[in-house]
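Asks: Protein chains in written order, with UniProt numbering: chain A, 1 to 267; chain B, 1 to 309. Take this structure first; my questions come after.
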Amino acid sequence: MLDLACSDGQVKQSQASENSPLAIQGLTVSYGQKPAVFSVDMTVEAGKMTAIIGPNGAGKSTMLKAALGIVPPVSGQIQVFGKPLDAQRARIAYVPQRASVDWDFPTRVIDVVLMGLYRELGLLGRLRGDHKAKAMDCLDRVGMGDFATRQIGQLSGGQQQRVFLARALAQGADLYLLDEPFAGVDAATEKAIIGVLKSLREAGKTVVVVHHDLATVADYFDNVFLINTRKVAEGTVAEAFTAETLQAAYGGRLATAQVDQLALALG
Amino acid sequence: MSGEEFVPLSLTPLLIGIFAAVACALPGNFLLLRKQALIGDAISHVVLPGIVVAFLLTGAISAAPMMLGAAGAAVVAVVLIEAIRRLGRIEPGAAMGVVFTTMFAGGVLLLEQTDTSSVHLDVEHALYGNLESLIWLDAVGWSSLLDVQALAHLPVELPRMALTLLAVTLFIAMFWRVLKISTFDEGFARTLGIRTNLLGLALVITAAVAAVAAFDAVGSIIVIAMFICPPAAARMMSNQLEGQVAWSVGFAVLSAVFGYVLAGYGPLWLGAQDAVSAAGMIATVSGVILAAAARFGPCRTRSGAPVGV
Numbered sequence: 001m002l003d004l005a006c007s008d009g010q011v012k013q014s015q016a017s018e019n020s021p022l023a024i025q026g027l028t029v030s031y032g033q034k035p036a037v038f039s040v041d042m043t044v045e046a047g048k049m050t051a052i053i054g055p056n057g058a059g060k061s062t063m064l065k066a067a068l069g070i071v072p073p074v075s076g077q078i079q080v081f082g083k084p085l086d087a088q089r090a091r092i093a094y095v096p097q098r099a100s101v102d103w104d105f106p107t108r109v110i111d112v113v114l115m116g117l118y119r120e121l122g123l124l125g126r127l128r129g130d131h132k133a134k135a136m137d138c139l140d141r142v143g144m145g146d147f148a149t150r151q152i153g154q155l156s157g158g159q160q161q162r163v164f165l166a167r168a169l170a171q172g173a174d175l176y177l178l179d180e181p182f183a184g185v186d187a188a189t190e191k192a193i194i195g196v197l198k199s200l201r202e203a204g205k206t207v208v209v210v211h212h213d214l215a216t217v218a219d220y221f222d223n224v225f226l227i228n229t230r231k232v233a234e235g236t237v238a239e240a241f242t243a244e245t246l247q248a249a250y251g252g253r254l255a256t257a258q259v260d261q262l263a264l265a266l267g
Numbered sequence: 001m002s003g004e005e006f007v008p009l010s011l012t013p014l015l016i017g018i019f020a021a022v023a024c025a026l027p028g029n030f031l032l033l034r035k036q037a038l039i040g041d042a043i044s045h046v047v048l049p050g051i052v053v054a055f056l057l058t059g060a061i062s063a064a065p066m067m068l069g070a071a072g073a074a075v076v077a078v079v080l081i082e083a084i085r086r087l088g089r090i091e092p093g094a095a096m097g098v099v100f101t102t103m104f105a106g107g108v109l110l111l112e113q114t115d116t117s118s119v120h121l122d123v124e125h126a127l128y129g130n131l132e133s134l135i136w137l138d139a140v141g142w143s144s145l146l147d148v149q150a151l152a153h154l155p156v157e158l159p160r161m162a163l164t165l166l167a168v169t170l171f172i173a174m175f176w177r178v179l180k181i182s183t184f185d186e187g188f189a190r191t192l193g194i195r196t197n198l199l200g201l202a203l204v205i206t207a208a209v210a211a212v213a214a215f216d217a218v219g220s221i222i223v224i225a226m227f228i229c230p231p232a233a234a235r236m237m238s239n240q241l242e243g244q245v246a247w248s249v250g251f252a253v254l255s256a257v258f259g260y261v262l263a264g265y266g267p268l269w270l271g272a273q274d275a276v277s278a279a280g281m282i283a284t285v286s287g288v289i290l291a292a293a294a295r296f297g298p299c300r301t302r303s304g305a306p307v308g309v
């Protein structure tokens, strides 16, 4: 455990969390009897890309969903840019897991991206040409401009993922939370997505990604948050993404081949 | 057919049939996409205990308290279904199955334990309704539409069903954008601050109101059919929600008109003597439309089914 225990450390942490894009304290989430996430603290660093990693069933997605108010926590506090979540929804963009929706839903690519403009449009606001232009621009940024009028069911998995990212871009947020955006996508899509995420970071935005591919962590991210129901480690890649922390998070579940691959990736 | 014959005998049942069909088909579109289409079936079962309780409280068979009882039971059922679905984390179909069989069974027990069983609460009326009897005897022709005195004697089901349709349409129009977002992607909708639980509840309550009003006027067969058949057929005609809803309204109207006319005249054309049930024929026509759309509709390939989850 790398939690700062001394009082001096706690003062530092609370100062950091005041300005943090996302500060979670004492978060516990439970489906039924067993907690999926237990007493987790997290302070996301502004303007950086952070990976949330951990074994399957470690509570990565659950933590993200609880932070966004999608699943109710048993306990815990969520602060977004120093304020309660409900006051800051306009500053957050979210990309759910691709498989969490039915892609047979009768709608076109451009309509999905326009959903990202809901907070701007409101319940009955009129959809104008500049809204559509903005949605088209977001589609172009993920290389999907030519697919605007396609039915969403006709897209490949990677294309669907890019449409979801375009919808998040349309939200024009300061904090981007993505749930497994690289799961089951082709190499071209992965490259396109990471390119967009890096450009967001360059624009001063904060990006948090639930990630499963340990081999790319050091390449893609600045910071790492390791979780296995409880927090295992948090910090820069150099600090928190080490053989020890991985062993603590994954236990014996990392195959030798994976460890070798990691050793290569970590240099 | 002349106006003198058509207006008193056919205009009102036809309009009531159309209004009922459209009022059920509209929310049916969203229920279908949310995999909750069976709610129509559920509601038409759970109204039984509501009707029996209303009878026990008032001691009379009259429309108003029975409709209130039915509506009350429908709302109780809808809240129970949502509660079981959310707390038990099970799929909506299972939650509906548990609630509507239990409440229906409770209604049967209630009916048997009290002396209501001797009263004429018959099954046939509940199933097929009584569309053909909703005639407007004060009308003498098209001119009666401007005759205040004749209009005062319109069957009460007509304005009631028209108001229900208006309310359903307003609800869908008002909440179109959030209904669409939360039906497609509930998690995302919540991050936008949309109260998806409340919205889902409002949708099923709207459906319940439409079902109870239509149930009273035209029977449960039409209600069950109209929640599912026109939206399902419409989904195979369009790949856009706007288009699907428009097609579903068209199919609902088509079913009501063709069903009514076929029920009245079809047997005569075939050389038989009597007419058949309009409600049964309307439901049948909607089923035939669904079959045709499933065979010939342009958007019937299913490509985007979710993997797992």
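Built from N, CA and C at the ideal position, the CB exists for glycine as well. Note that the coordinates shown come from a computational prediction; the quantities given were computed from them, not determined experimentally.
Can you list, in chain order, the residues of the region 19-38 of chain B whose Cβ is nearer than 8 Å to any Cβ on chain A?
Replies: Flagged, chain order: L33.
Asks: Who are the neighbours of K65 of chain A on chain B, taking C-beta pairs under 8 Å?
Replies: Correct list: G187.
Asks: Helix, strand or coil: how does DSSP classify K34 of chain A here?
Replies: Strand.
Asks: Just reading off the beta strand (DSSP E) that E234 of chain A is part of, what are its end residues?
Replies: Counting along the chain, the beta strand (DSSP E) containing E234 of chain A begins and ends at R230 to T236.
Asks: Going along the chain, which residues of the region 102-118 of chain A sit with their C-beta nearer than 8 Å to a C-beta in chain B?
Replies: From the region 102-118 of chain A, only D102, W103, D104, F105, P106, T107, R108, D111, V112, M115 and Y118 have a Cβ closer than 8 Å to chain B.
Asks: Quick check: is the beta carbon of L214 of chain A nearer than 7 Å to any beta carbon in chain B?
Replies: Not an interface residue.
Asks: Assign I18 of chain B to buried or exposed, taking buried as 16 or more other Cβ atoms, counted over all protein chains shown, within 10 Å of its Cβ.
Replies: The residue is buried, with at least 16 neighbouring Cβ atoms inside 10 Å.
Asks: Determine contact between the region 290-298 of chain B and the region 256-271 of chain B, defined as no fewer than three beta-carbon pairs at a distance below 8 Å.
Replies: No: the two stretches stay apart, fewer than three of their Cβ pairs being nearer than 8 Å.
Asks: Check whether the region 41-52 of chain B and the region 210-228 of chain B touch, using three or more Cβ-Cβ pairs below 8 Å as the test.
Replies: Short answer: they touch.
Asks: Short of 7 Å Cβ to Cβ, which residues in the region 138-171 of chain A face chain B?
Replies: Cβ contacts with chain B come from Q151, I152, G153 and Q154.
Asks: Find out if the Cβ-Cβ distance for the pair T191 of chain B, L68 of chain A is shorter than 7 Å.
Replies: It is a contact, given that the beta carbons lie within the stated cut-off.
Asks: Give the straight-line distance between the Cα atoms of A248 of chain A and A240 of chain A, rounded to the nearest whole angstrom.
Replies: Spanning the two alpha carbons is a distance of roughly 11 Å.
Asks: Judging by CA-CA distance, which residue of A:Q160, A:P35 and A:D174 is the nearest neighbour of V207 of chain A?
Replies: Of A:Q160, A:P35 and A:D174, the residue nearest in Cα terms is A:D174.
Asks: Return the first residue and the last residue of the beta strand (DSSP E) that L178 of chain A is part of.
Replies: Looking at the DSSP string, the run of the beta strand (DSSP E) that includes L178 of chain A is L175 to D179.
Asks: Starting from the Cα of T114 of chain B, find the closest Cα among B:L57, B:L290 and B:D147 and give me that residue.
Replies: Measuring from the Cα of T114 of chain B, the nearest candidate turns out to be B:L57.
Asks: Any idea if N223 of chain A is buried or exposed, counting beta-carbon neighbours within 10 angstroms, 16 or more meaning buried?
Replies: Buried is the call here.
Asks: Could you name each continuous alpha helix (DSSP H) segment of 4 residues or more that falls completely within the region 112-188 of chain B, going from the start of the chain to the end?
Replies: Taking only runs of at least 4 residues, the alpha helix (DSSP H) segments lying wholly in the region 112-188 of chain B are 123-128, 148-151, 157-174 and 176-184.
Asks: Please state if the CB of A21 of chain B and the CB of A232 of chain B are separated by a distance shorter than 7 Å.
Replies: No. Outside cutoff.
Asks: Under 7 Å, Cβ to Cβ, is there at least one residue of chain A near L163 of chain B?
Replies: No, because no Cβ of chain A sits closer than 7 Å to the Cβ of L163 of chain B.
Asks: Pull up the CB-CB distance for A148 of chain A and I193 of chain A, whole angstroms please, since I reckon it's below 8 Å.
Replies: Actually they are not in contact, since the Cβ atoms of A148 of chain A and I193 of chain A sit about 19 Å apart, beyond 8 Å.
Asks: Pull out every residue of the region 180-214 of chain B whose Cβ sits closer than 7 Å to any Cβ of chain A, in chain order.
Replies: Cβ contacts with chain A: I181, F184, D185, G187, F188, R190, T191, L192 and G193.
Asks: Name, please, each residue of chain B whose Cβ falls closer than 8 Å to the Cβ of G69 of chain A.
Replies: Residues of chain B passing the Cβ test: R190 and T191.
Asks: Below 6 Å CB to CB, which residues in the same chain sit around E157 of chain B once its five sequence neighbours on both sides are set aside?
Replies: Excluding sequence neighbours, E157 of chain B sits near I16, L134 and A217.
Asks: Do F100 of chain B and V46 of chain B have their C-beta atoms within less than 7 Å of each other?
Replies: Yes.
Asks: Quick one: Cα of I81 of chain B to Cα of V249 of chain B, how far?
Replies: Roughly 27 Å separates the two Cα atoms.
Asks: Which residues in chain A sit within 9 Å of V178 of chain B, going by Cβ to Cβ distance?
Replies: Per Cβ cutoff of 9 Å: Y118 and L123.
Asks: When you check each C-beta in the region 227-254 of chain B against every C-beta of chain A, which residues fall closer than 8 Å?
Replies: Those would be R235, S238, N239, Q240, L241, G243 and Q244, in chain order.
Asks: Out of A:D179, A:P96 and A:C138, state which residue places its alpha-carbon closest to the alpha-carbon of E186 of chain B.
Replies: Selected option, being the one with the closest Cα: A:P96.
Asks: What's the gap between the Cα of N239 of chain B and the Cα of M103 of chain B?
Replies: Using only the alpha carbons, I get a separation of about 37 Å.
Asks: For Y94 of chain A, would you say it is in contact with chain B, using Cβ-to-Cβ distances shorter than 7 Å as the test?
Replies: So yes, Y94 of chain A belongs to the interface.
Asks: Would you kindly report the start and end of the unbroken alpha helix (DSSP H) that includes A248 of chain A?
Replies: From DSSP, the alpha helix (DSSP H) with A248 of chain A extends over A243 to Y250.
Asks: M42 of chain A to L64 of chain A, Cα distance in whole Å?
Replies: Distance between the alpha carbons of M42 of chain A and L64 of chain A: 11 Å.
Asks: Under 7 Å, Cβ to Cβ, is there at least one residue of chain B near R230 of chain A?
Replies: So, not an interface residue.
Asks: Nearest-angstrom Cα distance between P21 of chain A and F225 of chain A?
Replies: Those two C-alpha atoms are separated by around 15 Å.
Asks: Once DSSP output is grouped into helix, strand and coil, what is the label at V210 of chain A?
Replies: Three-state result, V210 of chain A: strand.
Asks: Since I believe A150 of chain B is in contact with A139 of chain B (beta carbons under 8 Å), could you give me their beta-carbon distance rounded to a whole number of angstroms?
Replies: Rounded, the Cβ-Cβ distance is 5 Å, consistent with contact.
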